Amino acid sequence: MSESWTLGELARLVGGELHGDPGVVIRSLAGLEAAGPGDLSFVTGRRYFKAAEQSRATALLVPPDLRIPDRPSIRVAQPYLAVATLLHLFHPERRPTPGVHPTAHLATSARVSPEASVQAFAVVGDEAVVEARAVLHAHVVVGDRCRVGEDSVLHPHVVLREAVTVGRRVVIHAGAVLGADGFGYAFDGRRHRKIPQVGRVVVEDDVEIGANVTIDRATLGETVIGRGTKIDNLVQIGHNTVVGADSIIVAQTGIAGSCRIGNRVVLGGQVGLADHATIGDGAQVGAQAGVHGEVAPGGAVWGSPAVDLSTARRIAVAMPKLPELLHTVRRLEKRLADLERRLEARGGEAG
Amino acid sequence: MSESWTLGELARLVGGELHGDPGVVIRSLAGLEAAGPGDLSFVTGRRYFKAAEQSRATALLVPPDLRIPDRPSIRVAQPYLAVATLLHLFHPERRPTPGVHPTAHLATSARVSPEASVQAFAVVGDEAVVEARAVLHAHVVVGDRCRVGEDSVLHPHVVLREAVTVGRRVVIHAGAVLGADGFGYAFDGRRHRKIPQVGRVVVEDDVEIGANVTIDRATLGETVIGRGTKIDNLVQIGHNTVVGADSIIVAQTGIAGSCRIGNRVVLGGQVGLADHATIGDGAQVGAQAGVHGEVAPGGAVWGSPAVDLSTARRIAVAMPKLPELLHTVRRLEKRLADLERRLEARGGEAG
Amino acid sequence: MSESWTLGELARLVGGELHGDPGVVIRSLAGLEAAGPGDLSFVTGRRYFKAAEQSRATALLVPPDLRIPDRPSIRVAQPYLAVATLLHLFHPERRPTPGVHPTAHLATSARVSPEASVQAFAVVGDEAVVEARAVLHAHVVVGDRCRVGEDSVLHPHVVLREAVTVGRRVVIHAGAVLGADGFGYAFDGRRHRKIPQVGRVVVEDDVEIGANVTIDRATLGETVIGRGTKIDNLVQIGHNTVVGADSIIVAQTGIAGSCRIGNRVVLGGQVGLADHATIGDGAQVGAQAGVHGEVAPGGAVWGSPAVDLSTARRIAVAMPKLPELLHTVRRLEKRLADLERRLEARGGEAG
């Protein structure tokens, strides 16, 4: 926090076009409203233009089509990406020092890299492996036969049940539970008999998993979260579901068992996917949608039950007109019946 | 539990009007069905009148418009408020004794009031502050640079990530996670790059937060929960969202990032608010509604996507008539076409 | 895993009809795609027939109406039940050895059976009872005056607040919170005053509760989960709700306070039940439905707000036709007005 940069240095770092004095000193990054002298702020779209003008920031990071007169600025094609870069610069991540806290409990058969950090009251089970530079925060439980890859961070109270594999550079937020039993029972006519859930969970590299998320182990085989996929808080993922790479799953979405989610899929918040649903590569599912069956690659659906997005939008516009429509049709029926009577009467006359 | 009161004492305490013998002895408070001799029970509305007559309670707390013959009773304007008062009387809260449990782990730079209580396996990080009479239950993690205000209670397994500020008299239920990273990525054309989340969470005085709730830290700046707001279980609150004072957020509601929720707002269960939604003071959002954009102060909305409550109710009534309406309109079309043909024919005749 | 069985032994065990050589050796059970030589796989319905033909499994468990030529098979009336039996055989549950881990913290007044297993950093409160063969995994918190019955398993980080009773053979998955305060406040005109929640939670025998589930204690009296009921992850159950026996509650469902759920009820995923909802025995509520009021025994409902299932399905089919219907009716109105005008004109002529 005590370091500072010149605007010229920052412009070069983000590959942007500098307008104004390159020697201006920037001490930190701040939102438009909170920013003051010495701060660089940022405008990610037209709707923030007014706020940008009123901001007290010393300089601004702006998209190519914006120009704030009389203010030093760095113009970049994608301001949000530049913000990501600068946040890493101004707020370098602090990793805890390597080593095992004296209160942690490691099974004798566990293998923990001397470069890993294991914090207070963490538990590592039999034959579990924790690789170099991995961090197990306070109260993390790594079950028997789990593997936590290099540079992965498990925040406080994360639970990995037995035989869960976590790749490299994975972040799992506090309270997430990976590897709980899938929800499977067979009704024998009298009671629900438990189907033992003896499969695993595999989390590939560069995945991020939100706080209090639950990802169940497979009945047999694997529940898989593909490389680079990001999962928000309180999401549920059922047994044997396979999620592809670079997908985005927003908070509180529930994915039932045996689903297939492709690559670069986006599932909005509070979405529900029924058992065996299939979501093709690049498909998008709108918030609160309920999906049975299949969404084609590149498709976009919304609504509960979900239909294609353009239909769903037209339904959403039409819905508030439905109550009045009922009245209209009732009036039409009367007018039509009236016409029919009159025409019958004429017909009679005519006859 | 061993104490007892007379009906007269209780009537005075709640400011109620006594009917019957003030010397009747009351040993505890119970629901209408469970109540027996020695119990005071309560009727909070007309729909419980029959159950009240059948109750074996010795005496009843009743609203002004109810009269149960032959039963001692205390009449009060708001029975529910009186129940709150009497529950505090009959079940005084037991706070653990002050002091730090020998198994707890406190950073040397943490400042914990000698009047605070820190239970088994709790962890308090660097430069964290725990004020007088605060209670950290078993396995609570208070991150670096956090502050927990006077008289606040953090139930087992609560996690405060770094730099979270909790006011006075706040209650946080088990498993809640405050300060996990907000869900922010910038797609660089190949992968989702993480936007570092370096802001904070601020919880003001007298807030209550349910079990397994998740409240994310801001990207920059603060995520704020305003004074006196009550949040039910499994609610998700995204980064940079600001919730006002005295609002009620029912279970499993999801609030995305950068939302503005006013004072005395009520969000029903399983509501979803999209990014940047604004809910005005005193507005009400019905259960399972999905809100984009803005709800005016004092407004009431429902449905997904949400519309104003009266429209939503009329839609809900109209919806089951929609399938029949399709048939009706198809029949109308035929009758109309038939009429048109007949009229054409006549026109022909007439011509 | 090192054991093996003959196909004849397995057929007898599940009471199935053997086709092929009874001496074939089976080493493990696998899904159709993953199976290879030495594996028994299974077909639970017609839709897996093709996958079964292509499977490299040595033998197959099939329903009565399927026949895979040239493959040893066991025919059973209910393959899923047979799979449950065989999974128990091939993957016998490993229970931790009895005893209390040296890092666990037990109150001196707690009574823990010598046959129970209490793992690292578990906490057992004052006057709590843990019965024979119960397992408290790492970081479990059993509050004061709780009781955990014989053979029950509490996975890591489960929290039982005070006075929660858990029956026999109950499984509670990681991160579940039982007995947090119900969500009850009385507004006094200025602020929300907390109604103390002094009741309990009772979980009967053979219940299973998913990861990060929250079940609140009653205001007064009991919140009850009936014998044999199975609850999936991230479900919320409010104060004073009573759930009957052998019901199924799928993930992320939210049940408000004072609901009555019967026996053998099925609530789909992400269902919402409003305060005081009543669901009769054997009723089914479809995924994402929102229920106010009552569902009759044996009833089936869907939609938000929920209506009977057949109506809900017809609504779902009709909905995408609504936008076009609006246009149709508008056209009908015009045609009708036109006819009326023409008839008026003729009437004029005729007059």
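These protein sequence lines map, in sequence, to chains A, B and C. Every letter in the first sequence is one number past the one before it in the working numbering, and letter 92, counting from 1, is 352. Every letter in the second sequence is one number past the one before it in the working numbering, and letter 60, counting from 1, is 320. Every letter in the third sequence is one number past the one before it in the working numbering, and letter 129, counting from 1, is 389. We put the beta carbon where it would ideally sit given N, CA and C, even for glycine. Note that the structure is a prediction, hence the values are computed from the model and not measured.
query	result
Sort C/Q544, C/I539 and C/A394 by Cα distance to C/D411 and report the nearest one.	C/A394
Check the Cβ of B/K581 against every Cβ in chain A and list those closer than 8 Å, keeping chain order.	L586
So, are the CB atoms of B/L494 and B/A516 less than 7 Å apart?	no
For C/H452, which beta-bridge partners are listed by DSSP?	C/F447
Excluding the 5 residues flanking B/W562 on each side, which residues of the same chain have their C-beta closer than 6 Å to its C-beta?	G546, A549, L569 and A572
Do A/V408 and A/A436 have their CB atoms nearer than 7 Å?	no
Tell me which residues share the same chain as B/A382 and place their Cβ nearer than 6 Å to its Cβ, disregarding the 5 neighbours each side in the sequence.	A364, L396 and V400
Where do the N-terminal and C-terminal ends of the beta strand (DSSP E) with B/A560 fall, by residue?	A560 to W562
Quick one: does B/T479 have its CB under 7 Å from some CB of chain E?	Among the protein chains in the structure shown, which are A, B and C, there is no chain E.
With a cut-off of 7 Å, does the C-beta of B/V561 fall near any C-beta of chain A?	no
CB of C/V510 to nearest heavy atom of the ligand ZN: below 6 Å?	Because no ligand of any kind appears in the structure shown, any question about the ligand ZN cannot be addressed here.
Can you tell me which of A/D448, A/V343, A/Y340 and A/F443 puts its alpha carbon nearest to the alpha carbon of A/T483?	A/F443
Say whether chain C places a C-beta atom closer than 7 Å to the C-beta of A/S564.	yes
Write down the C-beta distance between C/P456 and B/H348 rounded to the nearest angstrom, noting that I regard them as a contact closer than 8 Å.	6 Å
To the nearest angstrom, report how far apart A/K490 and A/A471 are at their CA atoms.	12 Å
For the beta strand (DSSP E) that A/I334 lies in, which residues bound it at each end?	S333 to R335
With DSSP run on the structure shown, which of helix, strand or coil describes C/H415?	coil
What are the residues in the segment 527–557 of chain B lying within 8 Å of chain C by C-beta distance?	G529, Q530, A547 and Q548
For A/H452, count the other beta carbons within 10 Å of its own beta carbon; 16 or more makes it buried, fewer makes it exposed. Which is it?	buried
Grouping DSSP H, G and I as helix and E and B as strand, with all else coil, what is B/R520?	strand
Name the residue from B/T345, B/Q544 and B/R306 whose alpha carbon lies nearest to the alpha carbon of B/L289.	B/T345
Hey, is A/A398's beta-carbon within less than 7 Å of any beta-carbon in chain C?	no
Can you confirm whether A/F302, when its beta carbon is compared against all beta carbons of chain B, has any partner nearer than 7 Å?	no
Output yes if chain B places a C-beta closer than 7 Å to the C-beta of A/T357; else output no.	no
Thinking C-beta only, is B/G276 closer than 7 Å to B/V336?	yes
The alpha helix (DSSP H) that contains B/F638, what's its start and end?	For chain B, the structure presents residues 261 to 611; residue 638 of chain B sits outside this window and is missing.
By alpha-carbon positions, which one of C/R354, C/V360, C/R405 and C/R355 ends up nearest to C/V369?	The amino acid occupying residue 369 of chain C in the given sequence is Ser; Val does not appear at that position. Checking every option, the nearest Cα to that of C/S369 belongs to C/R405.
Which residues mark the beginning and the end of the alpha helix (DSSP H) in which B/S570 is found?	L569 to A578
Does DSSP classify B/D535 as helix, strand or coil?	coil
Would you kindly work out how many angstroms separate the C-alpha atoms of C/V284 and C/A342, rounded to a whole number?	18 Å
Name, going along the chain, the residues of the segment 502–526 of chain A whose beta-carbon falls closer than 8 Å to a beta-carbon of chain B.	D506, I508, V510, A511 and Q512
Do the CB positions of C/A380 and C/A367 come within less than 7 Å of each other?	no
Please name the residue, chosen from C/P362, C/E600 and C/V461, that lies closest to C/I475 on a Cα-to-Cα basis.	C/V461
Please decide whether B/I575 counts as near chain A, where near means a Cβ-Cβ distance under 7 Å.	yes
Whole angstroms is fine: what's the gap from B/V384's alpha carbon to A/P356's?	15 Å
Looking at the unbroken beta strand (DSSP E) that takes in A/V463, where does it start and where does it end?	R460 to V463
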